[in-house]
Amino acid sequence: MRAPRHAKAIAHLQAVDPVLGAWIDEAGSCGWERQGDGTHFDHIARSIVYQQLSGAAASTIHGRLLALFEGRHPTPAELVRTADETLRAVGLSGRKVEYIKDLARRTHEGSLAVEWIHEMDDAEVIETLTAVRGIGEWTAQMVLMFRLGRPDVLPVLDLGVQKAIKVLYRLRTLPTPQRVAKIGVRWAPYRTVASWYLWRRVDNPPQ
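Here you go:
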């Protein structure tokens with residue numbers, strides 16, 4: 000019989016944390032997976048488009064962006080050459096145009112080793128990506144989790160993670176990033192899977 004996905008991680012989390020373990024039992028199988036389509040650059044550019052937007056709105060804007068290039072992902076060089084006004088016309092804010100252009104320019108010039116991040120450790124990936132305007136620790140962590148498939152990432156700044164911990168552990172207020180990190184110590188080396196279940200607690204609360 001085939002073992003469920005992430006069985007080792009789930010067994011560890013249930014063993015070290017009964018509170019989270021009970022929610023895992025209720026939530027069911029883990030759906031976390033690495034997104035391997037396209038290039039690292041494509042994925043990071045898309046993550047900038049999606050920042051601070053609903054999924055539906057971001058998907059529409061990203062689709063319009065791809066439509067500028069006949070439905071495919073543009074190369075860094077193509078984005079550098081595209082007029083700011085053209086990018087804003089698809090729905091990108093002026094600030095996001097600056098961010099995407101900075102990413103594209105650095106990647107095209109070779110000063111940003113985007114296509115080699117899979118060979119870096121987690122800290123190096125964060126340091127590399129946060130050198131780009133508009134990419135903070137949270138966005139870099141999403142790249143680690145969902146592009147590179149790193150198993151031990153805990154986005155302590157994430158509001159969904161904080162809300163889930165507040166509910167599960169019956170806290171009076173939202174936990175600080177420091178408290179999130181402290182609570183999550185026991186989940187290592189599977190904090191990405193723990194984070195996935197925390198997001199599910201916010202997205203799909205018990206009836």
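Per numbering that gives the first Met the number 0, the very first residue in the sequence shown carries number 0; after that it's consecutive.
Yeah, the Cβ is synthetic: ideal placement off N, Cα and C, and Gly gets one too.
The structure displayed is predicted, hence computed values, not measured ones.
Notebook entry, point to check: Quick one: is GLY183 buried, meaning 16 or more other Cβ sit within 10 Å of its Cβ, or exposed?
Noted result: Walking along the sequence shown from the start, residue 183 turns up at place 184. Answer is buried; the Cβ neighbour count reaches 16.
Checklist line | Inter-residue Cα distance where the pair is GLN253 and VAL155 | finding: Residue numbering for the chain in the displayed model covers 0 to 206; residue 253 lies beyond these limits and cannot be assessed.
Next item on the list: Ignore the nearest five residues each way along the sequence and tell me which others in VAL201's own chain have a CB closer than 6 Å to its CB.
Entry: Residue 201 sits at position 202 when you count from the first residue of the sequence shown. So the qualifying residues of the chain are GLY159, LYS162, ALA163.
Margin query: DSSP three-state label for ILE116, please.
Written below: Taking the sequence shown and counting its residues from 1, the one referred to as residue 116 is at position 117. Helix.
Check: Between the beta-carbon of HIS107 and the beta-carbon of VAL79, is there less than 7 Å?
Finding: Residue 107 sits at position 108 when you count from the first residue of the sequence shown. Residue 79 sits at position 80 when you count from the first residue of the sequence shown. For HIS107 and VAL79, yes; Cβs fall inside 7 Å.
Checklist line | Member of ARG146, TYR98, VAL96 whose CA lies at the smallest distance from the CA of GLU118 | finding: Residue numbering aside, residue 118 sits at position 119 when the sequence shown is read from its first letter. Nearest C-alpha to GLU118: ARG146.
Next item on the list: Return the CA-CA distance between LYS100 and ALA180, expressed in angstroms with no decimal places.
Entry: If you number the sequence shown from 1, residue 100 lands on position 101. If you number the sequence shown from 1, residue 180 lands on position 181. Counting only the Cα atoms, ALA180 lies some 33 Å from LYS100.
Notebook entry, point to check: Count the other CB atoms within 10 Å of the CB of PRO174; is the residue buried (16 or more) or exposed (fewer)?
Noted result: Residue numbering aside, residue 174 sits at position 175 when the sequence shown is read from its first letter. Its Cβ being crowded by 16 or more others within 10 Å, PRO174 is buried.
Next item on the list: Pick helix, strand or coil for PRO75, following the three-state DSSP scheme.
Entry: Working through the sequence shown from its first residue, we reach residue 75 at position 76. If DSSP states are grouped into helix, strand and coil, PRO75 belongs with the helices.
Note to self: So ARG185 and VAL18 are supposed to be a Cβ contact under 8 Å. How far apart are they, rounded?
What the structure shows: The count along the sequence shown starts at 1 and reaches residue 185 at position 186. The count along the sequence shown starts at 1 and reaches residue 18 at position 19. Wrong, their Cβ atoms sit about 11 Å apart, outside the cutoff.
Notebook entry, point to check: Can you name, in chain order, every residue of its own chain whose Cβ lies under 6 Å from the Cβ of HIS72, other than the five neighbours on each side?
Noted result: As a working note, residue 72 is residue 73 in the sequence shown. Closer than 6 Å at the Cβ level, and outside the excluded window around HIS72, lie GLY37, ASP41.
Next item on the list: Would you mind sorting THR85 into buried or exposed? The rule is 16 or more other CB atoms within 10 Å of its CB.
Entry: On the sequence shown, residue 85 is found 86 positions in, with the first residue counted as 1. Under this definition THR85 is an exposed residue.
Next item on the list: Provide the residue span of the alpha helix (DSSP H) that contains ALA55, from first to last.
Entry: In the sequence shown, counting from the first residue as 1, residue 55 sits at position 56. Segment 54-66, the alpha helix (DSSP H) holding ALA55.
Check: What residue does the alpha helix (DSSP H) around GLN50 start on, and which one ends it?
Finding: Residue 50 sits at position 51 when you count from the first residue of the sequence shown. It is not in any alpha helix (DSSP H) - GLN50 carries neither H nor E in the DSSP assignment.
Check: Taking the alpha-carbon positions, what's the ALA76 to ARG104 distance?
Finding: Taking the first residue of the sequence shown as position 1, residue 76 is located at position 77. Taking the first residue of the sequence shown as position 1, residue 104 is located at position 105. Computed Cα separation, rounded: 7 Å.
Check: When DSSP labels each residue in this structure, what does TRP31 get in the three-state scheme?
Finding: Sequence index remark: in the sequence shown, residue 31 carries index 32 (1-based). Residue state, collapsed to three classes: coil.
Margin query: Check this for me: beta carbons of VAL152 and THR191, under 7 Å apart or not?
Written below: As a position in the sequence shown, residue 152 is number 153, starting the count at 1. As a position in the sequence shown, residue 191 is number 192, starting the count at 1. Yes, they are a contact pair.
Margin query: Three or more C-beta pairs under 8 Å: does that hold for the stretch 53-63 against the stretch 26-33?
Written below: With a cut-off of 8 Å, the stretch 26-33 and the stretch 53-63 do not count as touching, because too few Cβ pairs lie within range.
Item checked: Rounded separation between SER110 and TYR168 - CA only -> As a position in the sequence shown, residue 110 is number 111, starting the count at 1. As a position in the sequence shown, residue 168 is number 169, starting the count at 1. Between SER110 and TYR168, the C-alpha separation is close to 44 Å.
Check: Which term fits LYS7, buried or exposed, when burial requires 16 or more other beta carbons within 10 angstroms of its beta carbon?
Finding: Taking the first residue of the sequence shown as 1, we reach residue 7 at position 8. With fewer than 16 Cβ atoms within 10 Å of its Cβ, LYS7 is classed as exposed.
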